[in-house]
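In what follows, a single structure is set out as structure tokens and then discussed.
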């Protein structure tokens with residue numbers, strides 16, 4: 109069976125860019141956040157649980173998720189956010205397990221922003237962290253999403269610090285605009301495709 113590799117990083121670190129390089133090498137990538145949005149509509153068990161906990165306004169009349177409403181319900185309310193995550197994360201985990209079993213090749217990547225925060229690292233044979241300094245991440249997200257620095261800071265505060273994520277990583281990819289991404293990706297691809305343990309070059 110293919111090795112399961114987790115890949116994470118803080119907001120604005122460039123996880124999607126890095127995963128795109130792996131996909132160019134033929135590596136299957138599971139994008140957990142995007143899949144979660146789909147499951148909130150298509151997974152009837154999850155949908156029912158959200159309706160029960162957060163009310164009928166959680167969904168629009170066309171069946172799509174009322175994201176502004178849910179965001180308003182959980183923003184600034186850690187308990188409500190934890191409840192929503194407790195509903196969504198198990199559904200994503202079930203879906204990811206099925207997806208992984210269907211893949212062929214030496215390894216797959218599971219990309220998500222808070223793999224470490226939810227204690228999921230034990231499910232993977234190695235954990236890759238995409239790392240980028242806070243000021244660079246801030247500039248990227250403000251330009252990309254048109255949000256304020258204060259809004260970025262609020263999002264970033266919900267994640268582990270960069271130092272803590274680097275310390276928890278088995279491998280680190282630096283994506284700060286100065287280091288080339290592809291050589292780093294190729295180096296990890298060689299490790300993950302080999303018969304060697306994927307944590308051999310761990311950074312602690």
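Residue numbers (my numbering): 109 to 312. Even for Gly, the Cβ is constructed at its ideal location relative to N, Cα and C.
Worksheet item: Taking DSSP as the reference, what is the three-state secondary structure of residue 311?
Response: Residue placement at residue 311 is flagged as unreliable, the pLDDT there being 43, under the threshold of 50; a coordinate-derived value is accordingly withheld.
Fill in: Outcome for residue 216 when other beta-carbon atoms lying within 10 angstroms are tallied against a minimum of 16
Residue burial annotation: residue 216 is buried, with at least 16 other C-beta atoms found within 10 angstroms of its C-beta.
Worksheet entry | Residues bridged to residue 111 [DSSP beta-bridge criterion] | DSSP, once it has assigned bridges, lists 215 as partnering residue 111.
Fill in: the region 239-247 contacting the region 121-141, beta-carbon criterion three pairs below 8 Å
Between the region 239-247 and the region 121-141, the count of C-beta pairs closer than 8 Å reaches three or more; the two stretches touch.
Practice prompt. Count the other C-beta atoms from every protein chain shown that fall within 10 angstroms of the C-beta of residue 220, then say buried if there are 16 or more, exposed otherwise.
Written response: Buried, since its Cβ has 16 or more Cβ neighbours within 10 Å.
Worksheet item: Is it true that the CB of residue 239 sits closer than 7 Å to the CB of residue 286?
Response: No.
Worksheet item: According to the Cβ coordinates, are residue 290 and residue 131 closer than 7 Å?
Response: Taking the C-beta atoms as reference points, residue 131 is found no nearer than 7 Å to residue 290.
Worksheet item: In chain order, what residues of the same chain lie with their CB nearer than 8 Å to the CB of residue 250, ignoring the 5 residues before and after it?
Response: Taken in chain order, the residues that qualify are 256, 257, 260.
Worksheet item: Closest by CA to residue 117, which one among 292, 268, 302?
Response: Checked all of 292, 268, 302; the closest Cα to residue 117 is 268.
Discussion item. Using the three-state DSSP reduction, which class does residue 170 fall into: helix, strand or coil?
Written reply: DSSP, reduced to helix, strand and coil, places residue 170 outside both helices and strands of the structure shown, so it counts as coil.
Discussion item. If I measure Cβ to Cβ from residue 136 and keep anything under 6 Å in the same chain, skipping five residues before and after, which residues do I get?
Written reply: If we look at residue 136 and ignore the five residues flanking it on each side, its Cβ neighbours are 211, 216.
Worksheet item: Counting along the chain, where does the beta strand (DSSP E) carrying residue 281 start and finish?
Response: Residue 281 -> beta strand (DSSP E) spans 279-282.
Fill in: Alpha-carbon to alpha-carbon, residue 254 and residue 302
Using only the alpha carbons, I get a separation of about 42 Å.
Item to complete: Tell me the start and end of each unbroken alpha helix (DSSP H) in the region 234-259 that is at least 4 residues and wholly inside, in chain order.
Response: Taking only runs of at least 4 residues, the alpha helix (DSSP H) segments lying wholly in the region 234-259 are 242-253.
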